[in-house]
Amino acid sequence: AQSVTQLDSQVPVFEEAPVELRCNYSSSVSVYLFWYVQYPNQGLQLLLKYLSGSTLVESINGFEAEFNKSQTSFHLRKPSVHISDTAEYFCAAWGNGGATNKLIFGTGTLLAVQP
Amino acid sequence: NAGVTQTPKFQVLKTGQSMTLQCAQDMNHNSMYWYRQDPGMGLRLIYYSASEGTTDKGEVPNGYNVSRLNKREFSLRLESAAPSQTSVYFCASSWGGAGELFFGEGSRLTVL
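From first to last, the protein sequence lines are chains H and F. For the first sequence, our numbering assigns the number -3 to the initial residue and increments by one for each residue that follows. For the second sequence, our numbering assigns the number 166 to the initial residue and increments by one for each residue that follows.
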C-alpha cells in the first residue's frame, strides 16, 4: 500500500531546544516529498519540498529535511525552536501508478513548544 | 491575492440535510482537490479534478458528490448529511503533476 507514516503524534520540546519530526514513506510512493505546516484554525502551508537534486532541503524559517532513499525517510529538523513554531506538521508524498494524482498525507505531528 | 477561497467557514446541519461547500481559486491552476481532516487521521482525499471537465474519486468518496463548474470552481455536495461527516473540509489546488498544493482555510462542518 502507498502510505506516509508519522510515528509521533505529538512532540513536546522546550524553547531553543533542537527537534526532529520523523517521516517514513512506503517504497511504492513517488519521491516527490513535502512537509506542510498547519497553525491553529488555519489551512496548510507548504514548509519545504524535495523534488530532485540535493537531498537536504531548507525552509526560510530554519527548518530542514533530508531525503534518505535507503531508509525511505524524510525527517524534519530544526536546531533551535521558538514558541511560534507550535503547530501541526504533515509529511506528504505523491502517489505512483494509479495514485499519481493523489498527494498522500501522514497523520500529522503536533509540535508543542514550551517556554 | 485571495488564493483558494472556501465558503462557508462554519456550518451546522441536522442529519439528512443537504449542503454544498464552495471552493474557488484565482491562480489559474489545472487541478483541484477536496480533503477532509479528522483528529489522528491526517488529511484524506475525497475527490479531485485533474483538469477542467474531469473528476475522480479519492480515498473516501462515499456520501459526497463534486462538480468542477469551470477552471476556477470546484464544489463538494453532501446529499444527506450524516454525523460521520462531521469534519473540517479543505479545498486545494495545484498546477498538476508533482507540484505543491495550495490550501484554503477550511470549512468546519458539524452534523447533529
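We treat Cβ as the ideally placed atom computed from N, Cα and C, and that holds for glycine.
Exercise. So which residues on chain F does residue 103 of chain H lean against when the C-beta distance must stay under 8 angstroms?
Worked result: Within the first sequence, residue 103 of chain H is the residue found at index 107, counting from 1. Those are 205, 206 and 207, listed as they occur along chain F.
Problem set entry | Beta-carbon separation (whole angstroms), residue 26 of chain H vs residue 44 of chain H, contact threshold 8 angstroms | As a position in the first sequence, residue 26 of chain H is number 30, starting the count at 1. As a position in the first sequence, residue 44 of chain H is number 48, starting the count at 1. Incorrect: roughly 16 angstroms between the Cβ atoms, too far for contact.
Exercise. What number of angstroms, rounded off, separates the C-alpha of residue 90 of chain H from the C-alpha of residue 13 of chain H?
Worked result: As a position in the first sequence, residue 90 of chain H is number 94, starting the count at 1. As a position in the first sequence, residue 13 of chain H is number 17, starting the count at 1. Residue 90 of chain H and residue 13 of chain H: Cα-Cα distance of roughly 32 angstroms.
Exercise. In chain order, what residues of the same chain lie with their CB nearer than 6 angstroms to the CB of residue 258 of chain F, ignoring the 5 residues before and after it?
Worked result: Within the second sequence, numbered from 1, the residue matching residue 258 of chain F stands at position 93. Excluding residues within five positions, the ones whose Cβ falls inside 6 angstroms are 169, 190, 194, 197 and 267.
Problem set entry | Inter-residue spacing [alpha-carbon to alpha-carbon] between residue 203 of chain F and residue 209 of chain F | The residue given as residue 203 of chain F occupies position 38 in the second sequence. The residue given as residue 209 of chain F occupies position 44 in the second sequence. Residue 203 of chain F and residue 209 of chain F: Cα-Cα distance of roughly 8 angstroms.
For this session: Would you mind sorting residue 10 of chain H into buried or exposed? The rule is 16 or more other CB atoms within 10 Å of its CB.
Result: For the purposes of this step, residue 10 of chain H is taken as the residue at position 14 of the first sequence. Flag for residue 10 of chain H reads exposed.
Problem set entry | Cβ neighbour criterion (16 or more within 10 Å) applied to residue 30 of chain H | Numbered from 1 along the first sequence, position 34 holds the residue referred to as residue 30 of chain H. Buried.
Exercise. Is the Cβ-Cβ distance between residue 233 of chain F and residue 217 of chain F less than 9 angstroms?
Worked result: As a first step, residue 233 of chain F must be located in the second sequence, where it is residue number 68. As a first step, residue 217 of chain F must be located in the second sequence, where it is residue number 52. Yes; because the gap between Cβ atoms is below 9 angstroms, this pair is in contact.
Problem set entry | Assumed close pair residue 102 of chain H, residue 19 of chain H - CB separation to whole angstroms, cut-off 8 angstroms | Locating residue 102 of chain H in the first sequence gives position 106, where the first residue counts as 1. Locating residue 19 of chain H in the first sequence gives position 23, where the first residue counts as 1. Residue 102 of chain H to residue 19 of chain H, Cβ: 6 angstroms. Contact.
Exercise. Between which two residues does the beta strand (DSSP E) containing residue 201 of chain F stretch?
Worked result: Start at 1 with the first residue of the second sequence, and residue 201 of chain F comes out as number 36. Start and end: 196 to 203.
For this session: Below 8 angstroms between beta carbons is the criterion; list the residues of the stretch 220 to 248 of chain F that meet it against any residue of chain H, in chain order.
Result: 221, 223 and 224
Exercise. Mapping DSSP to helix, strand and coil, what is residue 171 of chain F?
Worked result: Residue 171 of chain F sits at position 6 when you count from the first residue of the second sequence. Residue 171 of chain F: strand per DSSP, three-state reduction.
Problem set entry | Boundaries (first-last residue) of the beta strand (DSSP E) holding residue 185 of chain F | Position 20 of the second sequence, counting from 1, holds the residue named residue 185 of chain F. Unbroken beta strand (DSSP E) run through residue 185 of chain F: 184 to 190.
Exercise. For residue 221 of chain F, which of helix, strand or coil comes out of DSSP?
Worked result: Looking up residue 221 of chain F in the second sequence gives position 56. For residue 221 of chain F, the three-state secondary structure derived from DSSP is strand.
Exercise. So which residues of chain F does residue 30 of chain H contact, with C-beta pairs closer than 9 angstroms?
Worked result: Within the first sequence, the letter at position 34 stands for residue 30 of chain H. The contacting residues are 265 and 266.
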